[in-house]
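Just so you know, the sequences run in chain order A and B.
All the letters of the first sequence, read from the start, carry residue numbers 14 to 226 under my numbering.
All the letters of the second sequence, read from the start, carry residue numbers 14 to 226 under my numbering.
Yeah, the Cβ is synthetic: ideal placement off N, Cα and C, and Gly gets one too.
These numbers come from a predicted model, not from an experiment.
2 protein chains.
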Amino acid sequence: MQPILKENIITQLQWRYATKKYDPTKKIPAEEWEVLEKSLILAPSSFGMEPWKFFVVTHPEIRIHLVGACWNQAQVADASHLVVLSAKRNISLSDINALIERTAEIRNISPTLLEGFKSMVSEFINTHPALDEWATRQVYIALGQFLTTAALLGIDTTPMEGFHPGQVDELLGLTNSGYGAVLLCAAGYRQADDKYADLAKVRRKREDVIVHI
Amino acid sequence: MQPILKENIITQLQWRYATKKYDPTKKIPAEEWEVLEKSLILAPSSFGMEPWKFFVVTHPEIRIHLVGACWNQAQVADASHLVVLSAKRNISLSDINALIERTAEIRNISPTLLEGFKSMVSEFINTHPALDEWATRQVYIALGQFLTTAALLGIDTTPMEGFHPGQVDELLGLTNSGYGAVLLCAAGYRQADDKYADLAKVRRKREDVIVHI
């Protein structure tokens, strides 16, 4: 396998920025989009619960309606792709059972071998004071993996927290589905005249961010 | 620049797993660790607020004390590196001012040109019902970027939510520092006999996770 060069990783993470203007004529090729979907599917989560679902919105009319639910951010309609990242609501024992069954199936073992794991996760779920928030946090891991993967592929992205969750849920038919939108992410290719692309990247000083103990 | 191959990205994301046993004799080389620190420094956050600080704990005695605060997870002491990811507490106007000053400095512009941005972020901060939680979510993006970068470098990781935050804060001297530990992540190289490395990766079916609209 051709190694991934350290220098390339840093270059691409530096290159990334929250794209403001997309070229609506440029589409992400299917085989690259496949890598991005895989980055979501393979994203890590606590206990492997995957408390999420990802909606890839290509329907042009829905994309235009979503702009209105997203503080009129044009990227929602103009970018090649739009993902709505949703979190599972009201995680319960049935979610744990599904995880146990899936694990047993994939690993070709009896579910009874997973009783210890099941008890541990059940105890966690039963005593956690804010499961919806816990699920939401996991979705941010998936966002991080998605943004990093896109940068490495040379694909621009715009993560967005600023939208009306109720409206987005309604437009996607998520209301009462057990999932709720927590993040949006546009992906595609920057417009040549997006002036934000040329601005120097702002980060705090290294010593204010990283502390060695 | 040598391109990063799509196949390599998928291979590495598949390769990643939550490592249970580290080889304590194998250390991440400095130049690779540098890439991982850069992945944290360059991690995206809402408004570019970077509401976080990352503690790289190399002190062996502190690492051993941390094991006790982390449900005795041996990775905390055995892995080559350990990062404690903390979130800023009680974000206030002074954090916004620092961001504005830093932006003006790096972009060599007058802070007055950033008044619009400042108002927008201030409005957000002043009206947000749960800023500590918002900051915590951002830290999960940084974790995602860190985990993905490590996987691409062939470095094993173990993200951890399970620890006593108060104890970790105390061991690191974070109590009343304005930052609080929200995640830990061990990084290094798997022990050859870590049986978890060989288990088939469990993920829900693609159609249960990705929905095209």
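Option nearest residue i by Cα separation, candidates the options
{"i": "R102(B)", "options": "P124(B), T149(B) and F137(B)", "result": "T149(B)"}
{"i": "I9(B)", "options": "P42(B), A56(B) and T140(B)", "result": "Look at the range of chain B in this structure, 14 to 226, and you will see that residue 9(B) is not part of it."}
{"i": "Q27(A)", "options": "L184(A), A164(A) and D221(A)", "result": "A164(A)"}
{"i": "S132(A)", "options": "I23(A), E220(A), Q158(A) and S105(A)", "result": "S105(A)"}
{"i": "S99(B)", "options": "Q151(B), E220(B), I226(B) and Y192(B)", "result": "Y192(B)"}
{"i": "P172(B)", "options": "E50(B), H141(B) and Q88(B)", "result": "Q88(B)"}
{"i": "I226(A)", "options": "A213(B), E220(B) and T71(B)", "result": "T71(B)"}
{"i": "A205(A)", "options": "D169(A), N139(A), P124(A) and A117(A)", "result": "D169(A)"}
{"i": "N85(A)", "options": "W65(A), E136(A), V181(A) and K218(A)", "result": "V181(A)"}
{"i": "R29(B)", "options": "M62(B), E220(B) and V215(B)", "result": "V215(B)"}
{"i": "A111(B)", "options": "A90(B), V134(B) and L144(B)", "result": "V134(B)"}
{"i": "K66(B)", "options": "Q151(B), E220(B), I109(B) and G81(B)", "result": "Q151(B)"}
{"i": "A194(A)", "options": "V97(A), D221(A) and F137(A)", "result": "V97(A)"}
{"i": "K51(A)", "options": "S107(B), E74(B), Q25(B) and T140(B)", "result": "Q25(B)"}
{"i": "I109(A)", "options": "A82(A), I138(A), T125(A) and L126(A)", "result": "I138(A)"}
{"i": "D221(B)", "options": "T140(A), H78(A), S190(A) and C198(A)", "result": "S190(A)"}
{"i": "A43(B)", "options": "D36(B), F130(B) and L166(B)", "result": "L166(B)"}
{"i": "D91(B)", "options": "A82(B), C198(B), D36(B) and H78(B)", "result": "D36(B)"}
{"i": "C198(A)", "options": "T140(A), G61(A) and L79(A)", "result": "L79(A)"}
{"i": "G61(A)", "options": "P178(A), T188(A) and F130(A)", "result": "F130(A)"}
{"i": "G81(B)", "options": "T140(B), T188(B), G179(B) and R219(B)", "result": "G179(B)"}
Where residue i meets chain A, residues with beta-carbon distance less than 8 angstroms
{"i": "E44(B)", "result": "K19"}
{"i": "T161(B)", "result": "S52, G157, Q158, T161 and T162"}
{"i": "L165(B)", "result": "I17, I22 and L165"}
Proximity below 8 angstroms, CB of residue i to CB of residue j
{"i": "I223(A)", "j": "V69(B)", "result": "yes"}
{"i": "L184(A)", "j": "L156(A)", "result": "no"}
{"i": "A210(A)", "j": "S93(A)", "result": "no"}
{"i": "R203(A)", "j": "K34(A)", "result": "yes"}
{"i": "I22(A)", "j": "T162(B)", "result": "yes"}
{"i": "L53(A)", "j": "F159(A)", "result": "yes"}
{"i": "A213(B)", "j": "R115(A)", "result": "no"}
{"i": "R76(A)", "j": "L49(A)", "result": "no"}
{"i": "E146(A)", "j": "S59(B)", "result": "no"}
{"i": "E241(A)", "j": "K19(B)", "result": "Chain A is shown only over 14 to 226; residue 241(A) falls outside these bounds and no answer can be derived."}
{"i": "T32(B)", "j": "D207(B)", "result": "yes"}
{"i": "I17(A)", "j": "I17(B)", "result": "yes"}
{"i": "R217(A)", "j": "E63(B)", "result": "yes"}
{"i": "L228(B)", "j": "A143(B)", "result": "As shown, chain B starts at 14 and ends at 226. That puts residue 228(B) outside it, with no answer to give."}
Per-residue contacts from residue i into chain B (C-beta, under 7 angstroms)
{"i": "P172(A)", "result": "P57"}
{"i": "F61(A)", "result": "Here residue 61(A) turns out to be Gly, not Phe, going by the sequence shown. Within 7 angstroms Cβ-Cβ: V215."}
{"i": "L26(A)", "result": "K51, S52 and L55"}
{"i": "T116(A)", "result": "V215"}
{"i": "E146(A)", "result": "E146"}
{"i": "R219(A)", "result": "I54"}
{"i": "R203(A)", "result": "Under the 7 angstroms cutoff, chain B gives no residues; its nearest Cβ is about 15 angstroms from R203(A)."}
Residue(s) in a DSSP beta bridge with residue i
{"i": "V96(A)", "result": "V69(A) and C198(A)"}
{"i": "H141(A)", "result": "Answer is none; H141(A) lacks a bridge partner."}
{"i": "V224(B)", "result": "F68(A)"}
{"i": "K101(A)", "result": "Y192(A)"}
Cross-chain neighbours of residue i in chain A, by beta carbon under 9 angstroms
{"i": "V70(B)", "result": "H225 and I226"}
{"i": "I154(B)", "result": "Y153, I154, L156, G157, L160 and P172"}
Listed by chain order, chain A residues near residue i by CB distance under 7 angstroms
{"i": "K66(B)", "result": "V222 and V224"}
{"i": "D48(B)", "result": "As written in the sequence, residue 48(B) is Val, which differs from the Asp given in the question. Here the neighbours are K19, I22 and I23."}
{"i": "I119(B)", "result": "A213 and V215"}
{"i": "I41(B)", "result": "Within chain A, no residue comes near I41(B); the closest Cβ sits about 12 angstroms away, beyond 7 angstroms."}
Any C-beta of chain E under 8 angstroms from that of residue i
{"i": "I109(A)", "result": "No chain E appears in this structure, whose protein chains are A and B."}
Listed by chain order, chain B residues near residue i by CB distance under 8 angstroms
{"i": "R102(A)", "result": "Within chain B, no residue comes near R102(A); the closest Cβ sits about 16 angstroms away, beyond 8 angstroms."}
{"i": "T149(A)", "result": "R150"}
Contact list for residue i against chain B, beta-carbon separation under 9 angstroms
{"i": "Y209(A)", "result": "Neighbours of Y209(A) on chain B: none; closest Cβ ~11 angstroms, over 9 angstroms."}
{"i": "L98(A)", "result": "What L98(A) touches in chain B: nothing, since even the nearest Cβ is about 11 angstroms away."}
{"i": "L185(A)", "result": "V224 and I226"}
ask   = Which runs of the alpha helix (DSSP H) spanning at least 4 residues fall entirely within the region 157-216 of chain B, listed in chain order?
value = Given a length threshold of 4 residues, each whole run of the alpha helix (DSSP H) inside the region 157-216 of chain B is given here in chain order: 178-185.
message = So within the region 60-92 of chain A, which uninterrupted alpha helix (DSSP H) runs reach at least 4 residues, ignoring any that extend past its ends?
response = As far as the region 60-92 of chain A is concerned, its whole alpha helix (DSSP H) runs of at least 4 residues are 73-82 and 88-91.
task = Starting from the N-terminal side, write out each stretch of the alpha helix (DSSP H) that is 4 residues or longer and does not extend beyond the region 18-49 of chain A.
result = Runs found: 19-28.
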